[in-house]
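Asks: All you need for our numbering is the position in the sequence shown, starting with 1, plus 14.
Beta carbons are placed, not taken as given, at the ideal position from N, Cα and C, and that holds for glycine.
Only a predicted model underlies this, so the values are computations on that prediction, with no experimental measurement involved.
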Amino acid sequence: MKLYSIKDLDLASKRVFIRCDFNVPLDEYGNITDDRRIRAALATINYCLDQDCSVILASHMGRPNGEFSEKLSLVPVQRRIQQLLKRDVKLAKDIVGEDATALAQNLKEGEILLLENLRFEKGETKNDEKLSKALSMMAEFYVNDAFGVSHRAHASVEGITRFFDEEHKAAGFLLQKEIQFFGVLLKRPVRPFAAIIGGSKVSGKLEALINLLPKVDKVFIGGGMAFTFLKQMGYDVGNSLVEDDLLQEAQHVMNEARRLGVKFYLPIDVVAAQTFAADSVSKLVTSQEIPQGWMGLDIGPATVRLYREALNDVQTVLWNGPMGVFEMERFARGSSKIAHFVADSYATTVVGGGDTADLVKRVGVDEEMSFISTGGGASLELLEGKVLPGVEQLIIEEDS
Ligand code: AMP
15 MKLYSIKDLD
25 LASKRVFIRC
35 DFNVPLDEYG
45 NITDDRRIRA
55 ALATINYCLD
65 QDCSVILASH
75 MGRPNGEFSE
85 KLSLVPVQRR
95 IQQLLKRDVK
105 LAKDIVGEDA
115 TALAQNLKEG
125 EILLLENLRF
135 EKGETKNDEK
145 LSKALSMMAE
155 FYVNDAFGVS
165 HRAHASVEGI
175 TRFFDEEHKA
185 AGFLLQKEIQ
195 FFGVLLKRPV
205 RPFAAIIGGS
215 KVSGKLEALI
225 NLLPKVDKVF
235 IGGGMAFTFL
245 KQMGYDVGNS
255 LVEDDLLQEA
265 QHVMNEARRL
275 GVKFYLPIDV
285 VAAQTFAADS
295 VSKLVTSQEI
305 PQGWMGLDIG
315 PATVRLYREA
325 LNDVQTVLWN
335 GPMGVFEMER
345 FARGSSKIAH
355 FVADSYATTV
365 VGGGDTADLV
375 KRVGVDEEMS
385 FISTGGGASL
395 ELLEGKVLPG
405 VEQLIIEEDS
């Protein structure tokens, strides 16, 4: 898929609106704990600054539901961008109000304005046309570099693109890179191609799984979602997370895998716990022997060994979803071992954002992955084969 590129815009000395994804995690003191998303936007911002543009940056943070919230103000983001760019960044008190409008109008070449949290405006998540228009009036060009929110039809992501013609809107470098990476991964992966799919539920990843099956050679299931498959295979999984309404779907996935010749792996042992708690009593059991009332919260060492063995010859790995409840140390070992193995492999390794991105960072192997997506939900929708609403208006041509 080819997108209108920022490189094709005639930007010199113009005013550019860049939709970024600065939705970064904060600790209890308001410090940014992971600024990857901000750093990922710098290429586009610097490109505009190098062309003497005046730059308006806009992002959402969290879910303020259309109300101002001091905790979700972009003040920490403003400071971090200033540090990273070593330039002054003005922060507007509002989004399309008096302050932002005045600051935007008076913005000079090479100056940067950051609007307040877009979701302080009720219309943002409703894709309100008035808000899209008001945002579009601030600049001559629109650039979307917010991959992490491009699966949302929001005013600053989708609606706004309708107010710019083809010569005045484009995808930024980050958005292009993400779309291109997933495009190549799904269309022309180097084989063997394996998908490691984990996380809590089958329901969240079912469509992605079904879309991936014709494209991959092997699938490795972990996390809570494994138990719906194991139950469907006739195992007694105790109190493990199971979606009973999806047992038939799970069977369908396994049938499809068989029909397509895809090797489908499920955990052969698990770390079972008595309760869903960090200090719960736990023990290693085979998948056949989960005690009544206990729940599987991680894959066990035999599964890790099996998965490693089967991943040995793989040339491309896509990983989306942890292998266990990695937030609790006792149940993080399976995810951590798989993360190290994947990081050490010579395969192209793609991490699908969200929890899995946090996980590889926590384990300290983020630098060793080939590509970590900045969008969990957005990357999942790409894997489901969908066209993202924020990207749709920026497409020049679909891949043949
Ligand atoms: P998802 O958002 O679907 O990718 O799921 C991520 C969440 O799945 C993480 O917060 C994990 O704690 C959770 N998870 C992983 N394995 C299990 C499990 N065996 N039982 C319950 N939750 C799990």
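#1: Restricting to runs no shorter than 3 residues, where is the beta strand (DSSP E) found entirely within the stretch 227-263?
#2: Could you compute how far the alpha carbon of Asn120 sits from the alpha carbon of Ser150?
#3: Taking the alpha-carbon positions, what's the Gln265 to Glu257 distance?
#4: In terms of DSSP beta bridges, what is Gly310 paired with?
#5: Which word fits Glu172, buried or exposed, when buried means at least 16 other C-beta atoms lie within 10 angstroms of its C-beta?
#6: Would Glu192 pass as a contact of Ser19 if the rule is Cβ separation under 7 angstroms?
#7: Give a yes or no on whether the C-beta atoms belonging to Gln329 and Val204 are separated by under 7 angstroms.
#8: What's the call for Val318, buried or exposed, on a 16-neighbour Cβ count within 10 Å?
#9: Here's a check: name, in chain order, each residue in its chain whose Cβ is nearer than 7 angstroms to the Cβ of Arg53, leaving out the five neighbours to either side.
#10: Can you round the beta-carbon distance between Gly404 and Asn158 to whole angstroms, since I take them to be within the 8 angstroms contact cut?
#11: I'd like to confirm the pairing. Which residues does DSSP put opposite Ile70 in its beta bridges?
#12: Do you know offhand how far Arg29's Cα is from Val163's?
#13: Among the candidates Leu145, Asp380 and Glu125, whose CA atom is the shortest distance from the CA of Ile174?
#14: Can you check the stretch 361-389 for any alpha helix (DSSP H) of at least 4 residues that lies completely inside it and give the ranges in chain order?
#15: Distance, Cα to Cα, His74 vs Gly307?
#16: Figure out for me which residue from Asp64, Leu325, Pro305 and Ala240 has the closest Cα to the Cα of Tyr360.
#17: Per DSSP, what are the beta-bridge partners of Tyr156 in this structure?
#18: Going by beta carbon distance, what residues of the same chain come within less than 8 angstroms of Gln96, once the five residues before and after it are set aside?
#19: CA-CA distance, Arg273 and Val267?
#20: Which word fits Gly348, buried or exposed, when buried means at least 16 other C-beta atoms lie within 10 angstroms of its C-beta?
#21: Relative to the C-alpha of Glu221, which residue among Gly391, Asn45, Met15 and Cys34 is closest?
#22: Tell me, to the nearest whole angstrom, how far the beta carbon of Glu138 is from that of Ser170; I am working on the premise that it is less than 8 angstroms.
#23: Just the C-alpha distance for Tyr156 and Lys21, rounded to the nearest angstrom, thanks.
#24: Would you identify the three-state DSSP class for Leu145, choosing helix, strand or coil?
#25: Short check: CB of Asp327 to CB of Pro206, under 7 angstroms?
#26: Can you give me the Cβ contacts of Met337 inside the same chain, cut-off strictly under 7 angstroms, excluding the 5 residues immediately before and after it?
#27: In the DSSP output, which residue or residues are listed as bridge partners for Tyr279?
#28: If contacts are defined as beta-carbon pairs under 8 angstroms, then Leu132 and Ala106 qualify, I think. What distance do you get, rounded to the angstrom?
#29: Distance check for Gly310 and Ile410, CA to CA, integer angstroms please.
#30: With a threshold of 6 angstroms (Cβ to nearest heavy atom), would Leu255 be considered close to the ligand AMP?
#31: List the residues that DSSP assigns as beta-bridge partners of Lys104.
#32: Where DSSP assigns a beta bridge to Ser296, which residues make up the other side?
#33: The alpha helix (DSSP H) with Thr330 in it runs from where to where?
#34: Among residues of its own chain, excluding the 5 on either side of Ala26, which ones have a beta-carbon nearer than 8 angstroms to its beta-carbon?
#35: Which class does Ala55 belong to by DSSP, given the choice of helix, strand or coil?
#36: From Trp333 to Met15, what distance separates their C-alpha atoms?
Replies: Short version:
#1: 232-235
#2: Computed Cα separation, rounded: 16 angstroms.
#3: If I take the Cα positions, the gap works out to 13 angstroms.
#4: Ala286
#5: buried
#6: no
#7: yes
#8: In the assembly as shown, Val318 is a buried residue. Its beta-carbon has 16 or more other beta-carbons within 10 Å.
#9: Leu98
#10: 6 angstroms
#11: Phe31 and Leu127
#12: Straight-line measurement puts the Cα of Val163 at about 23 angstroms from the Cα of Arg29.
#13: Leu145
#14: 368-377
#15: 42 angstroms
#16: The option with the nearest alpha carbon to Tyr360 is Leu325.
#17: According to DSSP, Tyr156 shares a beta bridge with Phe31 and Lys183.
#18: Excluding sequence neighbours, Gln96 sits near Asp102 and Val103.
#19: 10 angstroms
#20: buried
#21: Gly391
#22: 6 angstroms
#23: 13 angstroms
#24: If DSSP states are grouped into helix, strand and coil, Leu145 belongs with the helices.
#25: yes
#26: Gly212, Gly236, Gly237, Asp312, Ile313, Gly348, Ser349 and Ile352
#27: Partner(s): Phe234.
#28: 11 angstroms between Cβ atoms; not a contact.
#29: 47 angstroms
#30: yes
#31: Leu127
#32: Ala287
#33: Counting along the chain, Thr330 falls outside any alpha helix (DSSP H), though it belongs to the beta strand (DSSP E) covering Thr330 to Asn334.
#34: Gln65, Asp66 and Cys67
#35: helix
#36: Here the alpha carbons of Met15 and Trp333 stand approximately 22 angstroms from one another.
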